[in-house]
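K.L.:
In our numbering, the protein residues as written are 4 to 268.
#1: Would you check if there are 3 or more beta carbon pairs closer than 8 Å linking the segment 202–210 to the segment 143–152?
#2: If the criterion is Cβ atoms closer than 8 Å, does the pair residue 132 and residue 102 meet it?
#3: Using the beta-carbon count (16 or more within 10 Å), is residue 214 buried or exposed?
#4: Between which two residues does the beta strand (DSSP E) containing residue 229 stretch?
#5: Could you say if the segment 93–107 and the segment 71–79 meet the contact criterion of at least three C-beta pairs nearer than 8 Å?
#6: Quick check on the DSSP output: the beta strand (DSSP E) that includes residue 266 runs from which residue to which?
#7: Could you tell me the alpha carbon to alpha carbon distance between residue 171 and residue 79, rounded to whole angstroms?
#8: Check for me: the beta strand (DSSP E) holding residue 160 runs from which residue to which?
#9: Residues in its own chain within less than 7 Å of residue 259 by CB, not counting five upstream and five downstream?
#10: Less than 8 Å between the beta carbons of residue 230 and residue 268, yes or no?
#11: Could you say which of 263, 261, 199 and 23 lies nearest to residue 141 if we only look at CA atoms?
#12: Please list the terminal residues of the continuous beta strand (DSSP E) segment that includes residue 87.
#13: Counting pairs of Cβ atoms below 8 Å between the segment 107–123 and the segment 92–99, do you hit three or more?
#14: When DSSP labels each residue in this structure, what does residue 176 get in the three-state scheme?
#15: Look up residue 182 in the DSSP assignment and say whether it is helix, strand or coil.
#16: Compute the Euclidean distance between the alpha carbons of residue 39 and residue 47, then round it to the nearest angstrom.
#17: Are the Cβ atoms of residue 94 and residue 263 separated by less than 8 Å?
#18: Please determine, among 265, 58, 163 and 51, the residue with the shortest C-alpha to C-alpha distance to residue 92.
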């Protein structure tokens, strides 16, 4: 009974995180349950088979089938022609980097221009969407199911040079309001607005590159394909940028002072 409950819990966790992970685990478990090997060997075989099958399916088969649902994967690695990369490869391994083709093209176009304007610049993305279906929720996000949204990292600098965000996954190390900046939601509890004070000292030798981040925002807002961008109001004020499509989310939504949320038409 304990094994069944543990297996069910693992199935649910993998499904919530990656959409297809639970199904792969279920298939491998059924293959490896046959007593062709001793019990200990079967446990290792199940683990190795599940891992190998997951990687193979994620890299080879999921992208092919995603096209049937109008989704394409974002680039795995940045190149000179496509200076776009995930902040962490876990976004790709968990199949959370799928978007509509127009989203990918808008981000690529912006990244190429950014690389020309600021040598060495790259755009680092976080969560996009899952590969299959418009109704499958991507937790903890409330609106990433349709493939038209993607989270992008701010631009940072360290010692005067461009670098990646302080957080290893791009989330939860915040650019919190400074004294005198607006903070309408501060001190108001919400299920989705996590402060996580224990993480706020991570890699704090990396500073927000305000000039480069403002340029990124301007380029995204200038593109007619952009429907809206979510950014905390204190960062809008700090960067000195305003636009009808630059919005400030409600208290029920997640914080947007560790990343920006891009929504494409």
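Cβ atoms here follow ideal geometry from the backbone N, Cα and C, with glycine treated the same way.
P.N.:
Put simply:
#1: no
#2: Your numbering for residue 132 matches position 129 in the chain shown. Your numbering for residue 102 matches position 99 in the chain shown. Yes, the pair counts as a contact, with Cβ atoms nearer than the cut-off.
#3: Reading the chain shown from its first residue, position 211 is the one you call residue 214. Residue 214 comes out exposed.
#4: As a working mapping, residue 229 is identified with position 226 in the chain shown. Looking at the DSSP string, the run of the beta strand (DSSP E) that includes residue 229 is 229–233.
#5: yes
#6: Taking the first residue of the chain shown as position 1, residue 266 is located at position 263. Residue 266 -> beta strand (DSSP E) spans 263–267.
#7: Position 168 of the chain shown holds residue 171. Position 76 of the chain shown holds residue 79. If you take the alpha carbons of residue 171 and residue 79, they lie about 16 Å apart.
#8: Counting from one through the chain shown, the residue named residue 160 turns up at place 157. 159–161 is the span of the beta strand (DSSP E), which, as asked, contains residue 160.
#9: Along the chain shown, one-based indexing puts residue 259 at 256. Correct list, in chain order: 233, 234, 235 and 252.
#10: Taking the first residue of the chain shown as 1, we reach residue 230 at position 227. Taking the first residue of the chain shown as 1, we reach residue 268 at position 265. Yes, they are a contact pair.
#11: As a position in the chain shown, residue 141 is number 138, starting the count at 1. Comparing Cα positions, the closest option is 23.
#12: The sequence position of residue 87 within the chain shown is 84, counting from 1. Run containing residue 87: 87–89, per the beta strand (DSSP E) assignment.
#13: no
#14: Start at 1 with the first residue of the chain shown, and residue 176 comes out as number 173. The answer is coil: DSSP assigns residue 176 none of H, G, I, E or B.
#15: Within the chain shown, residue 182 is the residue found at index 179, counting from 1. Residue 182 falls in the coil class under three-state DSSP.
#16: Here residue 39 corresponds to residue number 36 of the chain shown, with the count starting at 1. Here residue 47 corresponds to residue number 44 of the chain shown, with the count starting at 1. With a pLDDT of 49 at residue 39, under the threshold of 50, the modelled position of that residue is not reliable, and no figure is offered here.
#17: In the chain shown, residue 94 corresponds to position 91, counting from 1. In the chain shown, residue 263 corresponds to position 260, counting from 1. Not in contact: residue 94 and residue 263 (Cβ atoms no closer than 8 Å).
#18: Numbered from 1 along the chain shown, position 89 holds the residue referred to as residue 92. Residue 92 has its Cα closest to that of 58, out of 265, 58, 163 and 51.
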